[in-house]
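Protein chains in written order, with the numbering used here: chain A, 8 to 217; chain B, 8 to 217.
2 protein chains.
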Amino acid sequence: MIAARRKPSAELSREVILDAAAVRLAREGSCGMSMRDLAGTLGCALSSVYNHFPSKDVLLQELQERAFETLTASARRAMEGASGTSGRLYLFITNHVRYVVDHRDVMSVLVHEAGRLGPEGRARVRARKEAYFGIAHALVAELCSAGPDRASQVAVERLTYHLFGMLNWLWGWYVPDRHGEVALVAGDIYALLLARAGPLPPAHPTPEAP
Amino acid sequence: MIAARRKPSAELSREVILDAAAVRLAREGSCGMSMRDLAGTLGCALSSVYNHFPSKDVLLQELQERAFETLTASARRAMEGASGTSGRLYLFITNHVRYVVDHRDVMSVLVHEAGRLGPEGRARVRARKEAYFGIAHALVAELCSAGPDRASQVAVERLTYHLFGMLNWLWGWYVPDRHGEVALVAGDIYALLLARAGPLPPAHPTPEAP
DNA sequence: TCTTGTTGTACGAGCGTTCGTTCGGCCAAG
DNA sequence: CTTGGCCGAACGAACGCTCGTACAACAAGA
Numbered sequence: 008m009i010a011a012r013r014k015p016s017a018e019l020s021r022e023v024i025l026d027a028a029a030v031r032l033a034r035e036g037s038c039g040m041s042m043r044d045l046a047g048t049l050g051c052a053l054s055s056v057y058n059h060f061p062s063k064d065v066l067l068q069e070l071q072e073r074a075f076e077t078l079t080a081s082a083r084r085a086m087e088g089a090s091g092t093s094g095r096l097y098l099f100i101t102n103h104v105r106y107v108v109d110h111r112d113v114m115s116v117l118v119h120e121a122g123r124l125g126p127e128g129r130a131r132v133r134a135r136k137e138a139y140f141g142i143a144h145a146l147v148a149e150l151c152s153a154g155p156d157r158a159s160q161v162a163v164e165r166l167t168y169h170l171f172g173m174l175n176w177l178w179g180w181y182v183p184d185r186h187g188e189v190a191l192v193a194g195d196i197y198a199l200l201l202a203r204a205g206p207l208p209p210a211h212p213t214p215e216a217p
Numbered sequence: 008m009i010a011a012r013r014k015p016s017a018e019l020s021r022e023v024i025l026d027a028a029a030v031r032l033a034r035e036g037s038c039g040m041s042m043r044d045l046a047g048t049l050g051c052a053l054s055s056v057y058n059h060f061p062s063k064d065v066l067l068q069e070l071q072e073r074a075f076e077t078l079t080a081s082a083r084r085a086m087e088g089a090s091g092t093s094g095r096l097y098l099f100i101t102n103h104v105r106y107v108v109d110h111r112d113v114m115s116v117l118v119h120e121a122g123r124l125g126p127e128g129r130a131r132v133r134a135r136k137e138a139y140f141g142i143a144h145a146l147v148a149e150l151c152s153a154g155p156d157r158a159s160q161v162a163v164e165r166l167t168y169h170l171f172g173m174l175n176w177l178w179g180w181y182v183p184d185r186h187g188e189v190a191l192v193a194g195d196i197y198a199l200l201l202a203r204a205g206p207l208p209p210a211h212p213t214p215e216a217p
């Protein structure tokens, strides 16, 4: 009698919950977001969230897993557009930059809450992350035509980490309207990497003597 | 009679508390570290911590303020060793890399908990951060001999952000024993930047057509 | 030298609040 | 009538923080 308590339009689902969780997590951190706040954002009861996820940890873990899978899949799809190594790298970078712009909240969670999981969840997420990292690593290695010696291997690894440093830092500052469109930023990072990536490693550069 | 409850060797001070807090904060995040845990780590009572800091927020804020002041001061001191722009940039980078190695915990806090403050504390920390950012920004601008036009300005800003992306990402992966000593990594980043930084901006590089 | 008052730091106990999670019942769709 | 999704209510635990107190160190007056 007292009107319908059920909201027929709600359509509560795992996807909807994950999307809302990403927003709150990005804004307040994994420990700052309470399950009550999340339920409030969703306009449903606290226990309804627990009908779809058995715990907060699982929710956080699934969010990260999906993000890395989406990222990996979209990267592979994007790279089909080019055959050469440098072209594929450019498309990889562009895809990542676009992902940061389109899913800033998720990206923030990926950067901040990586280690806030149990050992089992962390392992699952890490596997996805390494798969994604591996794509870029292989491209950089090809681009540097790195030898099998340890020095070259480590140099390539460092270069790949630097690439991800630039890419992952974007969430903290990049605003397309202020800093230029996606293609511009992607071009920046691509150019930085390409200018450096020749036969590696050149002698360690010591600038003009102190 | 019941023996001395006071620990004469404890010497609880703000410095000691901040150091311990950095370790816990890096491991568990600002919301994961409880004041009780911190007191436990210090081997003192919870209320004793509150004798030195009025609140958790103030503690977190002071930790970040001190970190940026230390970072800025050590950068200025390090850069006195060179006169040219590129030499100063190299020393700036080296100083930052060394700081990450020596104060990994603090660095982790700086990256993760930047936005977890009240509006007033955030403003104070931001001011310090911008002072530090400004040093690198000026160096990059000089190095690029950037013109006053908006396109150049934005390009320099992007380049500076990319520099900090590489530098700040270090905390997550860099292990000197595995990836080479500080001078090697600093040389990497320096070379990446220098190879790119000429008269800016060169035409946007579109790699071989898709 | 002894006493006395003040100050700074440490302490245990406990305040009110919020956390993640659970549970039993209700209601509409099948 | 069954069932799956949703709800309000409540659990114990942990949270940030405060309170009144206790003890050492020091300075001044006697």
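All C-beta atoms in this analysis are idealised placements derived from N, C-alpha and C, irrespective of residue type, glycine included.
Please state whether DSSP places residue 9/A in a helix, a strand or coil.
Note that residue 9/A scores a pLDDT of 28, beneath 50, so its modelled location is shaky and nothing firm can be said.
Measure the CB-CB distance between residue 67/B and residue 60/B and report whether it falls below 7 Å.
no
Along the segment 97-131 of chain A, what residues have a CB closer than 7 Å to any CB found in chain B?
97, 119, 123
What first and last residue would you give for the alpha helix (DSSP H) that runs through residue 171/A?
157-176
With a threshold of 16 other CB atoms inside 10 Å of the CB of residue 101/B, please say whether the residue is buried or exposed.
buried
At which residues does the alpha helix (DSSP H) containing residue 182/B begin and terminate?
Segment: none, residue 182/B is in no alpha helix (DSSP H) and carries neither H nor E.
Element boundaries [alpha helix (DSSP H), containing residue 54/A]
53-57
Evaluate contact between the segment 72-91 of chain B and the segment 155-167 of chain B, counting only Cβ atoms and requiring at least three cross-stretch pairs below 8 Å.
no
Rounding to the nearest angstrom, what Cα-Cα distance links residue 176/B and residue 98/B in this structure?
18 Å
For the segment 74-100 of chain B, which residues have a CB atom closer than 7 Å to at least one CB atom of chain A, in sequence order?
88, 89, 91, 93, 94, 97
Look up residue 61/A in the DSSP assignment and say whether it is helix, strand or coil.
coil
Cβ distance (whole Å) where residue 105/A is taken to contact residue 189/A below 8 Å:
5 Å
Please confirm whether residue 151/A has its beta-carbon closer than 7 Å to some beta-carbon of chain B.
no
Determine the contact status of residue 119/A and residue 174/A, defining contact as a CB-CB distance below 7 Å.
no
Pairwise C-alpha distance: residue 90/B and residue 71/A
46 Å
Spatially closest choice to residue 167/A from 22/A, 192/A, 21/A, 148/A, by CA coordinates:
148/A
Note down, in chain order, every chain B residue with its Cβ under 8 Å from the Cβ of residue 53/A.
Within chain B, no residue comes near residue 53/A; the closest Cβ sits about 19 Å away, beyond 8 Å.
Report the neighbours of residue 58/B on chain A: residues whose CB is nearer than 7 Å to its CB, in chain order.
Those do not exist, as residue 58/B stays about 26 Å from chain A at its closest Cβ, beyond 7 Å.
Using DSSP with H/G/I as helix, E/B as strand and the rest coil, what is residue 70/B?
helix
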